[in-house]
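In what follows, a structure is listed as structure tokens, so that the remarks can point back to it.
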Amino acid sequence: MPEGHTLFRLAREQTTQFAGRPVHVTSPQGRFTAGAALVDGRVLDGVRSYGKHLFARFGGDTVHVHLGLYGAFTGGTGTPPPARGALRMRWVADGPDGAGVWTDLRGPTACEVLTRPEVDAILARLGPDPLRPRADAGRALRRIAASRTAVGALLMDQTVLAGVGNVYRAELLFRHGISPFRPGRAVDEALWARMWADLVTLMRAGVRLGRIVTTRPEDRSRRRGVPTREDAHYVYRRTGEPCRICGTDVRTEMMVGRNLYWCPVCQPS
DNA sequence: TAGAAATGTTTAG
DNA sequence: TAAACCTTTCTAT
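Quick note on the UniProt record's numbering: the first sequence kicks off at 1 and runs consecutively.
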């Protein structure tokens with residue numbers, strides 16, 4: 001489930017559980033053995049996310065993780081379970097209260113040890129991350145407003161905007177009544193200011209809830225309580241289902257290799 | 001048991 | 001633009 005909110009949350013959790021203590025780092029699967037040996041037993045300074053990237057600092061060395069489409073961390077307290085399956089990286093430490101803590105990483109696109117300059121090179125190619133307090137929304141606008149490319153494609157481009165994935169893209173465009181096919185240059189400053197502010201709100205809510213919920217309570221079938229999975233989105237993965245606002249069938253199409261979802265009436269071209 | 005799909009990125013052409 | 005890659009989970013046979 002990795003869009004930016006997932007990584008932000010992971011960074012925070014891992015910092016709370018592991019920072020300031022030596023971490024036993026292994027790679028039971030074997031594909032990260034050399035990297036694990038570099039940082040094994042060292043004190044973790046902290047974990048930070050930027051966009052969909054995760055950076056765990058051990059002095060001058062940083063473990064960089066990108067979950068890709070289906071990478072995932074699991075974890076818990078006490079003694080870790082026997083390693084099974086393709087377990088790329090495991091952390092074990094004495095947690096803040098003295099009890100053991102552990103976390104397991106499976107299926108990431110990237111899991112590697114980087115030097116400071118290598119980390120900086122990754123950061124340099126990322127656009128502003130709406131979850132970072134001092135992110136510069138204007139930097140994204142300059143890219144968008146100068147481009148003939150569809151805004152639906154620009155929002156997914158990590159050099160334009162860091163941390164937005166397929167769900168936030170579809171939902172943000174719906175909430176603002178914008179066709180995914182509108183050229184970036186047809187997005188003006190006022191519209192972008194509204195979209196950015198909304199993204200900040202939505203992604204912070206994602207951090208808080210641990211999942212993406214974009215529907216307003218009045219647009220859900222059940223207005224009270226925790227929204228069901230069926231009720232959490234306006235258009236994402238709702239192909240052929242009626243739009244929550246106008247009842248038109250939600251449409252889907254491939255855009256830059258990814259499934260795009262939108263309502264042709266609420267988001268007219 | 002096999003196959004498809006999944007909130008992503010990189011590389012090759 | 002297409003294909004490759006990483007792994008799990010759900011669905012169909």
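Backbone N, C-alpha and C fix where the C-beta goes; we use that ideal spot for every residue, glycine too.
Look at the beta carbons and you see the segment 128 to 148 touching the segment 184 to 192: at least three pairs across the two are nearer than 8 Å.
Residue Ala197 holds the alpha-carbon nearest to the alpha-carbon of glycine 138 among Asp94, Val235, Ala197 and Arg90. When DSSP states are grouped into helix, strand and coil, histidine 233 belongs to the coil group. Nearest in C-alpha terms to isoleucine 245, of all of Arg216, Arg224 and Gly165, is Arg216.
Counting every other CB atom within 10 Å of its CB across the protein chains shown gives arginine 258 a total below 16, marking it as exposed. When C-alpha distances from arginine 132 are compared across Pro2, Tyr261, Phe8 and Gly247, the shortest belongs to Phe8.
Counting the other Cβ atoms within 10 Å of the Cβ of aspartate 129 gives 16 or more, which makes it buried. Taking the Cα of threonine 16 as reference, the smallest distance to any Cα among Gly95, Val39 and Met255 is reached at Gly95. Your pair valine 113 and threonine 62 checks out as a contact, with CB atoms roughly 7 Å apart and the cut at 8 Å. CA-CA distance, serine 27 to aspartate 45, rounds to 20 Å. When only Cα atoms are considered, leucine 126 and tryptophan 91 end up about 27 Å apart.
For histidine 5, the enclosing alpha helix (DSSP H) starts and ends at 4 to 18.
Taking a contact as a CB-CB distance under 8 Å, the pair alanine 83 and phenylalanine 18 does not count as one, their CB atoms being some 18 Å apart.
One Cα belongs to alanine 150, the other to tyrosine 234, and the distance between them is close to 20 Å. With the rule of 3 Cβ pairs closer than 8 Å, the segment 158 to 172 does not count as touching the segment 102 to 110. By the 16-neighbour rule on beta-carbons within 10 angstroms, glutamate 189 is exposed.
Counting only residues of its own chain and dropping the five nearest sequence neighbours on each side, arginine 88 has a CB closer than 7 Å to the CB of Ser27, Gln29, Arg31, Phe32, Leu105, Arg106, Pro108 and Cys111. Serine 221 counts as exposed, since fewer than 16 other beta carbons sit within 10 angstroms of its beta carbon. Cβ-Cβ distances below 8 Å link glutamine 267 to Leu173, Phe174, Gly177, Ile178, Ser179 and Pro180 in the same chain, with the five nearest sequence neighbours on each side left out; the list follows chain order. Residues His176 of the same chain have their beta carbon placed closer than 8 Å to that of arginine 194, with the five preceding and five following residues left out of the count.
Taking a C-beta distance under 8 Å as the contact criterion, valine 43 and alanine 36 do not qualify as a contact pair.
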